[in-house]
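Its first residue numbered 756, the sequence shown is counted upward by one per residue in the working numbering.
Positions of the beta carbon are idealized from the N, C-alpha and C atoms, including for glycine.
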Amino acid sequence: MGERKGLILIGAPGSGKGTQAKRLQEQLGWAHISTGDLLRAAVAAGSELGVRAKGFMDAGGLVPDALVIDLLLEALAAPAAAKGFILDGFPRTMPQAEALDAAVSIDKVIDLQVPFSLIEERITGRRMSPSGHVYHVKYSPPKVEGICDVTGEALYQRSDDTPDKVRERLAKFEAETRPVIARYQSKGIVVAVDGVGDPDEVYARIAAVL
Ligand code: AMP
756 MGERKGLILI
766 GAPGSGKGTQ
776 AKRLQEQLGW
786 AHISTGDLLR
796 AAVAAGSELG
806 VRAKGFMDAG
816 GLVPDALVID
826 LLLEALAAPA
836 AAKGFILDGF
846 PRTMPQAEAL
856 DAAVSIDKVI
866 DLQVPFSLIE
876 ERITGRRMSP
886 SGHVYHVKYS
896 PPKVEGICDV
906 TGEALYQRSD
916 DTPDKVRERL
926 AKFEAETRPV
936 IARYQSKGIV
946 VAVDGVGDPD
956 EVYARIAAVL
């Protein structure tokens, strides 16, 4: 347990955490754990957790810590995460960071920085494949409009990827997640990475600091 590697990708909604975490997963063979993806899967499955989480997610708010922490600890215990893990979208609050630090050790926190002025366009143009692949209508469109290149599934837009929800989510980021970044800065493990540019450029910057 002591030898496994733990990485956190932290940043505002739309900063590219999911895109970069998927690439890191492919390159490093570590588990990509996105609490947002896990929660969306729970909502889609209609599980008890999904039913409880849906309202908070639809409002652009945060799902209560207790629910998310349980979900995360379960994912960390899976065999896929034995070698290492990349956290995407967790921790988002101080209690989540405290629960995480009590359970595992974190080697590095990548703080993916994108100016808020770019975020709305990034998020409202985002399109998702049910299998988790992510596109942007302008910056990284699929080969055939509305269809996932990899799986052929129909793309959809997240219900919280609208301008008013984006504002709400950014406000939550400022209020709840900024202090989490400061927590890890005080431990000396945060590296700021410029998240502006195409995904290959951003990935190269991340790879350079790992
Ligand atoms: P994401 O895909 O990371 O943007 O997450 C989508 C939504 O799921 C968020 O807007 C929250 O409502 C919820 N969510 C995901 N991760 C967390 C978390 N760590 N804490 C609380 N809510 C979360």
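Item: In chain order, what residues of the same chain lie with their CB nearer than 7 Å to the CB of lysine 772, ignoring the 5 residues before and after it?; Value: Leu764, Gly766, Asp843, Gly844 and Leu867
Item: So for aspartate 953, helix, strand or coil by DSSP?; Value: coil
Item: Does isoleucine 944 come out as helix, strand or coil in the three-state DSSP assignment?; Value: coil
Item: In three-state DSSP terms, what is phenylalanine 845?; Value: coil
Item: May I ask you to list the residues that DSSP assigns as paired with glycine 761?; Value: Phe840
Item: Verify whether the separation of the beta carbon atoms of aspartate 916 and glycine 761 is less than 9 Å.; Value: no
Item: With DSSP collapsed to three states, give me the class of lysine 898.; Value: coil
Item: Quick check on the DSSP output: the alpha helix (DSSP H) that includes arginine 913 runs from which residue to which?; Value: Note, arginine 913: premise wrong, no alpha helix (DSSP H); not H, not E.
Item: Report all residues from its chain with a CB closer than 8 Å to the CB of leucine 910; omit the five preceding and five following residues, and keep chain order.; Value: Arg882, Met883, Ser884, Tyr890, Pro897, Gly901, Ile902 and Cys903
Item: Figure out for me which residue from Met849, Ala786 and Leu925 has the closest Cα to the Cα of isoleucine 878.; Value: Leu925
Item: Taking the beta strand (DSSP E) that lysine 863 belongs to, which residues open and close that run?; Value: 863-868
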